[in-house]
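Q: Just dropping this structure here.
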Amino acid sequence: MKKHKILIIGAGGQLGSELTQGLWSLYGKENVIATDIKDPQGILSQGNFEILDVLKQKNLFDFIKKNEITQVYHLAAVLSATGEKNPKFAWHLNMDGLVHVLDAAIEFKLDRVYWPSSIAAFGPTTPKQNTPQDTIMDPTTIYGISKQAGERWCEWYFRNKGVDVRSLRYPGLIGYKTKPGGGTTDYAVDIFFKALTNKKFECFLKENTYLPMMYMDDAVKATLDLMEAPADKIKIRSSYNISAMSFSPAEIAAEIRKHIPDFTISYNPDFRQGIAESWPQSIDDAAARKDWGWKHQFGLKEMTEEILTKLPELLAQEA
Ligand code: AKB
667 MKKHKILIIG
677 AGGQLGSELT
687 QGLWSLYGKE
697 NVIATDIKDP
707 QGILSQGNFE
717 ILDVLKQKNL
727 FDFIKKNEIT
737 QVYHLAAVLS
747 ATGEKNPKFA
757 WHLNMDGLVH
767 VLDAAIEFKL
777 DRVYWPSSIA
787 AFGPTTPKQN
797 TPQDTIMDPT
807 TIYGISKQAG
817 ERWCEWYFRN
827 KGVDVRSLRY
837 PGLIGYKTKP
847 GGGTTDYAVD
857 IFFKALTNKK
867 FECFLKENTY
877 LPMMYMDDAV
887 KATLDLMEAP
897 ADKIKIRSSY
907 NISAMSFSPA
917 EIAAEIRKHI
927 PDFTISYNPD
937 FRQGIAESWP
947 QSIDDAAARK
957 DWGWKHQFGL
967 KEMTEEILTK
977 LPELLAQEA
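To convert, count from 1 in the sequence shown and add 666; that's our numbering.
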């Protein structure tokens, strides 16, 4: 059996640190190298970790060659809210980083590449409910535009260069082990921290703003299932819709209140409201379910219970 050697780029982020642990379990710590542009925090320092900037193409190529990498998970990106503040850099990192990785896949004959897309690839003219796999997109944020363009690059490298690149359009991802950075859906992470520390939370979205969301364990499972699936099962080479749940700030607050009765939420919408309103409210992921057997496990109730059980321990360790 061929030995895998996995490189994760952008491992220090919210998804990266949890995906790294999933990859450790699957392939063994010794076969996974987590990288980022900043020193590792928390659990990542327990495995192989190196500093690597995907924008430095020569360093990336040398790294892949030296470590005999066979698969790359390329997660480094600027998210939606931060991207609007620094659009040129968001475009540079989100596009050039991806193309560097896809070129490396050709140069070093990588087995597989993973790259995340997002519901941000959709826009205000997209059907909002049960958004189909193939539909009008027209994203309005730089992040979304880079995700849509990235999907086209992935498909182009697959069709024209034979790169086995796979991708998911993540909804808002909710975990509690790492604080998120710069996303519009991130209120749904922050709310748990504030509920436990202050019992109150000021939300930057309006109370009835519905968005598609997913618990981190499901996101890691989806990613690993997609990457483990035989190549002939992967019919979509741009990016697959995946979904688990949809809720509004008022609904997640009500769920939290079942565990913390005196928790309160107030609303002070800012520019992120416009971003949220440009995105779908729920996603049709029938293609992922049919092609490679995607199935989610966590709904709002299960996720809330799990986070409010496990997060206090982490907060106590930090204190
Ligand atoms: C964001 O809010 O920018 C991200 C995303 C939906 O891709 N979480």
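For glycine and all other residues, C-beta sits at the position ideal for the given N, C-alpha and C. Computed from a prediction, not measured in an experiment: that's the story for all the values here.
1) Please report the straight-line C-alpha distance between Ile672 and Asn697, rounded to a whole angstrom.
2) Report the option in Lys967, Glu943, Leu981 whose CA atom is closest to the CA atom of Gln1067.
3) For ligand 1, any of its heavy atoms closer than 7 angstroms to the Cβ of Ser746?
4) Give me the DSSP bridge partner(s) of Ser784.
5) Work out the CA separation of Ser905 and Asp800 for me, nearest whole Å.
6) When the Cβ atoms of the segment 860-874 are set against those of the segment 925-940, are three or more pairs found closer than 8 angstroms?
7) Whole angstroms is fine: what's the gap from Ala743's alpha carbon to Ala920's?
8) Assuming Ile699 is part of the beta strand (DSSP E), what are its boundary residues?
9) Alpha carbon to alpha carbon, how far is Gly965 from Met911?
10) Any heavy atom of ligand 1 closer than 7 angstroms to the CB of Ser625?
11) Identify which residue in Phe788, Tyr876, Phe859 has its Cα closest to the Cα of Arg835.
12) Excluding the 5 residues flanking Glu734 on each side, which residues of the same chain have their C-beta closer than 7 angstroms to its C-beta?
13) Which residue's Cα is closest to the Cα of Tyr853: Ala916, Pro946, Lys961, Val720?
14) Indicate whether Asp891 and Trp781 have their beta-carbon atoms separated by less than 8 angstroms.
15) For Gln707, which of helix, strand or coil comes out of DSSP?
16) Residues bridged to Met761 by DSSP?
17) Strictly by DSSP, which residues pair up with Ile675?
18) Around the C-beta of Pro790, are 16 or more other C-beta atoms found within 10 angstroms, so that it is buried, or is it exposed?
19) Does ligand 1 have even one heavy atom less than 7 angstroms from the beta-carbon of Ile949?
20) Take Phe755 as the anchor and find which of Asp777, Val765, Leu721, Ala786 has the nearest alpha-carbon.
21) Within a Cβ cutoff of 6 angstroms, which residues of the same chain sit near Thr875, ignoring the five residues on either side of it in sequence?
22) If you check the beta carbons only, do Gly847 and Leu718 fall under 8 angstroms apart?
23) Look at the Cβ atom of Ile900, then the Cβ atom of Trp958, and state whether they are nearer than 8 angstroms.
24) From the DSSP output, which residues share a beta bridge with Tyr906?
A: According to the data block:
1) What you label residue 672 is simply residue 6 of the sequence shown in a count that begins at 1. What you label residue 697 is simply residue 31 of the sequence shown in a count that begins at 1. Between Ile672 and Asn697, the C-alpha separation is close to 6 angstroms.
2) Nothing can be reported for residue 1067, as the shown portion of the chain is limited to 667 through 985.
3) The sequence position of residue 746 within the sequence shown is 80, counting from 1. Yes, the Cβ of Ser746 comes within 7 angstroms of a heavy atom of ligand 1.
4) The residue you call residue 784 lines up with position 118 of the sequence shown. Beta-bridge pairing links Ser784 to Tyr836.
5) Locating residue 800 in the sequence shown gives position 134, where the first residue counts as 1. Locating residue 905 in the sequence shown gives position 239, where the first residue counts as 1. Answer to the nearest angstrom: the Cα atoms are 10 angstroms apart.
6) yes
7) To locate residue 743, count along the sequence shown from 1; it is residue 77. To locate residue 920, count along the sequence shown from 1; it is residue 254. Roughly 32 angstroms separates the two Cα atoms.
8) One-based indexing of the sequence shown puts residue 699 at position 33. Taken as a continuous stretch (DSSP letters only), the beta strand (DSSP E) holding Ile699 covers 698-702.
9) Position 299 of the sequence shown, counted from the start, is the residue given in the question as residue 965. Position 245 of the sequence shown, counted from the start, is the residue given in the question as residue 911. Near 6 angstroms, if we compare the C-alpha coordinates of Met911 and Gly965.
10) In the structure displayed, the chain extends from 667 to 985; residue 625 sits before or after that span and is not available.
11) Indexing the sequence shown from 1 puts residue 835 at position 169. Nearest option by C-alpha distance: Phe788.
12) By 1-based counting over the sequence shown, the position of residue 734 is 68. Around Glu734: Lys671.
13) For the purposes of this step, residue 853 is taken as the residue at position 187 of the sequence shown. The shortest C-alpha separation from Tyr853 is found at Ala916.
14) In the sequence shown, residue 891 corresponds to position 225, counting from 1. In the sequence shown, residue 781 corresponds to position 115, counting from 1. One thing to note: Asp891 has its Cβ no nearer than 8 angstroms to the Cβ of Trp781.
15) Residue mapping note: residue 707 aligns to position 41 of the sequence shown, counting from 1. In the structure shown, Gln707 sits in coil (DSSP, three-state: anything other than H, G, I, E or B).
16) Translated into the one-based positions of the sequence shown, residue 761 becomes position 95. According to DSSP, which records beta bridges pairwise, Met761 is partnered with nothing at all.
17) As a working mapping, residue 675 is identified with position 9 in the sequence shown. Ile675 is bridged to Thr701, His740.
18) Position 124 of the sequence shown, counted from the first residue, corresponds to residue 790. It counts as exposed.
19) For this step, residue 949 is matched to residue 283 along the sequence shown. No; taking the cut-off as 7 angstroms, the Cβ of Ile949 has no heavy atom of ligand 1 nearer than that.
20) Taking the sequence shown and counting its residues from 1, one reaches residue 755 at position 89. Here the closest residue by C-alpha is Leu721.
21) For the purposes of this step, residue 875 is taken as residue 209 along the sequence shown, with counting starting at 1. Closer than 6 angstroms at the Cβ level, and outside the excluded window around Thr875, lie Ser914, Ala942.
22) By 1-based counting over the sequence shown, the position of residue 847 is 181. By 1-based counting over the sequence shown, the position of residue 718 is 52. Their beta carbons are not under 8 angstroms apart, which means Gly847 does not touch Leu718 by this criterion.
23) Walking along the sequence shown from the start, residue 900 turns up at place 234. Walking along the sequence shown from the start, residue 958 turns up at place 292. Contact: yes.
24) Here residue 906 is taken as the residue at index 240 of the sequence shown, counted from 1. Answer by DSSP bridge pairing, in chain order: Leu834.
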